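Just so we're on the same page, the working numbering is the position in the sequence shown counted from 1, plus 63.
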Amino acid sequence: MGEANIGGAGRSDGEQSAARVVEDVLKDAELEWESPEPGNYVVQLPGTRKLRTTVSLIVGRHSLSLNAFVIRHPDENEAGVHRWLLERNLKLYGVSYAVDPLGDVYVTARLPLSTVTPEDTDRLLGQVLEAADGAFNTLLELGFASAIRKEYAWRVSRGESTRNLDAFRNLTQRPSE
């Protein structure tokens with residue numbers, strides 16, 4: 064669990080209020096988090112497909128920004144991955160996918176401090192989890208199909224378990240199997 068770190072010289076009432084909201088939401092949700100400096104939070108969201116999603120929340124002078132790493136630069140089908148992300152952006156609430164200069168995929172959001180409420184902060188964290196964890200296998204299939212097939216073949220050739228690749232049977236099993 065995290066430890067409060069709301070203070071800080073020169074922080075406005077709006078910044079302190081937003082920081083309190085963020086901390087209250089994180090505590091109420093019983094999430095693993097830390098605050099390395101006032102208004103800066105690193106949160107671990109537990110997942111089902113992706114084991115955990117690390118989220119950075121920063122209470123700035125005018126806004127609350129949120130960033131979460133989803134996947135590294137796709138090995139293949141980059142255009143297909145980007146198209147899927149753009150189409151998916153149309154269906155998300157308050158968050159969107161973004162790509163950094165290296166091609167890594169993130170979920171991002173930015174809210175004016177005046178709109179930071181417990182309900183919206185909780186909803187945003189839920190949307191981050193859905194966008195990062197819920198879409199994880201689809202993104203791996205689109206951008207890393209060859210690597211998944213190679214990993215599967217390598218494990219089979221050595222008699223190792225392929226259980227953690229079960230979600231990708233459509234990529235690893237022949238039609239007759």
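Virtual Cβ for every residue (Gly too), placed ideally from N, Cα, C.
None of these values were measured; they are calculated from a predicted model.
Applying the 10 Å Cβ sphere with the 16-neighbour rule, what's the burial state of residue i?
i    : result
W106 : This sequence places Val at residue 106; Trp is not what is there. That one is buried.
A82  : buried
V219 : exposed
Y156 : exposed
S126 : buried
K213 : exposed
T178 : exposed
Please state whether DSSP places residue i in a helix, a strand or coil.
i    : result
E193 : helix
R218 : helix
S98  : strand
P181 : helix
A161 : strand
L148 : helix
T116 : strand
Where residue i and residue j are concerned, what is the direct C-alpha to C-alpha distance, given to the nearest angstrom?
i    : j    : result
L202 : V144 : 7 angstroms
D183 : Q79  : 17 angstroms
Y215 : E204 : 13 angstroms
T117 : T180 : 21 angstroms
Using DSSP bridges, identify the partner residues of residue i.
i    : result
T235 : For T235, which the question treats as bridged, DSSP gives no partner whatsoever.
L127 : V122 and L174
A142 : Beta-bridge pairing links A142 to no other residue.
I134 : V168
Quick check on this structure: which residue in the options has the alpha carbon closest to the alpha carbon of residue i?
i    : options                   : result
D163 : G123, R186, P137 and D185 : P137
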